[in-house]
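Engineer:
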């Protein structure tokens, strides 16, 4: 993703986390015990949740309150990563596998030296 989470508004982060959790606005509002219109006003940045609702919202969406407020921390994970995310994960996995193999080879050499 080219846009940093810090660049999003609180409402955009709420919407992004709600989408990643696979919840509709009505479903999330019901879980929070608030009106759908209230949640919609948070997502459109017309108002902000009070601290107790922010903590509850973060818990339901499985993100930190800090991430919701300022975009710092771990963003929510979507069930379906974007193609670019998949490509970067494949590259990282390949790199880690090469490093693991190099470590395994080094361990084998050290074991031979100790035993031989």
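Residue numbers (the numbering used here): -14 to 101. The beta-carbon is built from N, C-alpha and C at its ideal position, and this holds for glycine as well.
1. How would you write the range of the alpha helix (DSSP H) that residue 50 sits in, first residue to last?
2. Can we say the segment -1 to 16 touches the segment 45 to 63, given the rule of at least three CB pairs closer than 8 Å?
3. In chain order, what residues of the same chain have a beta carbon less than 6 Å from the beta carbon of residue 95, not counting five sequence neighbours either side?
4. Taking the C-alpha atoms as reference points, what is the distance between residue 19 and residue 82?
5. Leaving out five residues on either side along the sequence, give the residues of the same chain with a beta carbon under 6 Å from the beta carbon of residue 31.
Structural biologist: Result, derived from the coordinates:
1. Mapped onto the chain shown, residue 50 falls at position 65. Element bounds for residue 50: 50 to 55.
2. yes
3. Reading the chain shown from its first residue, position 110 is the one you call residue 95. Answer for residue 95: no residue qualifies.
4. For the purposes of this step, residue 19 is taken as the residue at position 34 of the chain shown. For the purposes of this step, residue 82 is taken as the residue at position 97 of the chain shown. Taking the straight line joining both Cα atoms gives about 47 Å.
5. As a position in the chain shown, residue 31 is number 46, starting the count at 1. If we look at residue 31 and ignore the five residues flanking it on each side, it has no Cβ neighbours.
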